[in-house]
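Counting the sequence shown from 1 gives a position; the working numbering is that position plus 24.
Here the structure is laid out as structure tokens; the discussion comes afterwards.
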Amino acid sequence: MHVGDVPTVLPTLDIGFQGYFTSRIATDPDPTNEDRGMSGYTMALPSEDRLDQVIRLQADADYWTRNMRKPLDEMPYKIGVQVASVQVGGRDFTPAASLLGSLVYLDGRDEPLRGAVFESRNNTTGSDDTMAFVIDPFKLRIEGPAATIKATDYLDPNDPARPLWAISDPTKYGRRLTSCVATDDQEVAEAIGVFDAYGYFRDRRRFLEQSIAAGGDPATIETYRSRLFQLETWGDRIISKINTRCDWVFDINGPQEVAQRQPLGGQLVTNQPWHVSFWFGGWDGDLLIGYMRGRLRIPFVPSA
Numbered sequence: 025m026h027v028g029d030v031p032t033v034l035p036t037l038d039i040g041f042q043g044y045f046t047s048r049i050a051t052d053p054d055p056t057n058e059d060r061g062m063s064g065y066t067m068a069l070p071s072e073d074r075l076d077q078v079i080r081l082q083a084d085a086d087y088w089t090r091n092m093r094k095p096l097d098e099m100p101y102k103i104g105v106q107v108a109s110v111q112v113g114g115r116d117f118t119p120a121a122s123l124l125g126s127l128v129y130l131d132g133r134d135e136p137l138r139g140a141v142f143e144s145r146n147n148t149t150g151s152d153d154t155m156a157f158v159i160d161p162f163k164l165r166i167e168g169p170a171a172t173i174k175a176t177d178y179l180d181p182n183d184p185a186r187p188l189w190a191i192s193d194p195t196k197y198g199r200r201l202t203s204c205v206a207t208d209d210q211e212v213a214e215a216i217g218v219f220d221a222y223g224y225f226r227d228r229r230r231f232l233e234q235s236i237a238a239g240g241d242p243a244t245i246e247t248y249r250s251r252l253f254q255l256e257t258w259g260d261r262i263i264s265k266i267n268t269r270c271d272w273v274f275d276i277n278g279p280q281e282v283a284q285r286q287p288l289g290g291q292l293v294t295n296q297p298w299h300v301s302f303w304f305g306g307w308d309g310d311l312l313i314g315y316m317r318g319r320l321r322i323p324f325v326p327s328a
């Protein structure tokens, strides 16, 4: 829906989303395009896909058959980011409850990579030390029976096709960098149920040690040894990430699309800015999973 040319202050339909994501990302001091993991704390095990940097908010069964690391299959985690709340004015908005459970995706790809990534290129466009990353590209899609909602943000609205690495002026993309980073964050701890980071990874080490002692397939045992070595070698660098969060906040400057299939109690407005805020955190550098939580605010004209 479009509103008239006269500026109008409208309420917003606030779509909250959250859930676990996965990213097979290389870590310093490995270069960004390292696809096995040679010197950082993340690595691709022999039976797994190579590291590809892609942020996956959803992953199918075939992906997890290749890449799920034990004991993830025994943990109470459901991988996938979904719509968890729909509100207007801070209150649940029942007429749009059909959006609940819709899946959330980051579409597009950062060539030559196969999807959206946390872009820094070893401090070229951000800062690995302060976890200041650009998520590139940013093409948010909410997909469910009730509607398909898409929002695209351009790094340079005057040249949408211009890649990040070709932009030499950081003020062009500064608004898309991480807005803040928090460690030992309580919201993250509550989201993932981890209040004792050291205890969490002590249990992981104990699981790996017991799995090695139990014997079995030699190749599988070696993957357990490799994971245990990484935990023992990198220690606090891995442990500190489990309760860390990185926030992003910006107005979306590109195309906004709504394909509505069920009533939502009003009309979503596509010719006024949409606002998005979200965080990634709860990063488990052994299982290569983390948690995302955010909110998309869309100008909204409620039904009379």
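Think of the CB as a built atom: it goes at the ideal place given N, C-alpha and C, for glycine as much as any other residue.
Can you tell me where the alpha helix (DSSP H) with residue i in it begins and where it stops?
i           : result
residue 255 : 242-258
residue 108 : Not the alpha helix (DSSP H): residue 108 falls in the beta strand (DSSP E), residues 104-112.
residue 88  : 85-91
residue 229 : 221-238
Could you spell out where the beta strand (DSSP E) holding residue i opens and where it closes?
i           : result
residue 162 : 162-167
residue 332 : Only positions 25 to 328 of the chain appear in this structure, which leaves residue 332 out of reach.
residue 290 : 290-292
residue 206 : 204-206
residue 276 : 269-276
residue 141 : 141-143
Pull the bridge partners of residue i from the DSSP assignment, please.
i           : result
residue 173 : 166 and 282
residue 129 : 165
residue 46  : 80 and 313
residue 307 : According to DSSP, which records beta bridges pairwise, residue 307 is partnered with nothing at all.
residue 39  : 110 and 320
residue 298 : 276
residue 326 : 290
residue 116 : 111
residue 201 : 158
Give the straight-line distance between the Cα atoms of residue i and residue j, rounded to the nearest whole angstrom.
i           : j           : result
residue 285 : residue 34  : 23 Å
residue 290 : residue 177 : 24 Å
residue 40  : residue 237 : 44 Å
residue 311 : residue 209 : 20 Å
residue 142 : residue 279 : 22 Å
residue 323 : residue 55  : 41 Å
residue 189 : residue 134 : 10 Å
residue 329 : residue 263 : The structure shown does not extend to residue 329, since the chain is modelled only from 25 to 328, so the question has no answer here.
residue 299 : residue 275 : 4 Å
residue 132 : residue 179 : 14 Å
residue 227 : residue 114 : 39 Å
residue 37  : residue 317 : 17 Å
residue 138 : residue 328 : 44 Å
residue 321 : residue 173 : 12 Å
residue 314 : residue 288 : 31 Å
What do you reckon, is the C-beta of residue i under 7 Å from a heavy atom of the ligand MN?
i           : result
residue 230 : Although the ligand MN was asked about, the structure shown includes no ligands whatsoever.
Practice task
Kindly confirm or deny that the stretch 123-140 and the stretch 168-177 touch, where touching means at least three C-beta pairs closer than 8 Å.
Solution key: yes
Handout entry: Validate contact between the stretch 37-54 and the stretch 99-107 using beta carbons, cut 8 Å, 3 pairs
Key = yes
Problem - Touch test, the stretch 67-84 against the stretch 239-255, Cβ-Cβ under 8 Å, three pairs minimum - result: yes
Exercise for the section: Inspect the CB distances between the stretch 229-242 and the stretch 290-304 and report whether three or more fall short of 8 Å. Expected result: For the pair of segments examined, the stretch 229-242 was found not to touch the stretch 290-304: the number of CB pairs separated by less than 8 Å stays below three.
Exercise for the section: Answer yes if the stretch 268-288 comes into contact with the stretch 302-313, meaning at least three C-beta pairs across the two stretches below 8 Å, and no otherwise. Expected result: By the criterion of at least three beta-carbon pairs nearer than 8 Å, the stretch 302-313 is in contact with the stretch 268-288.
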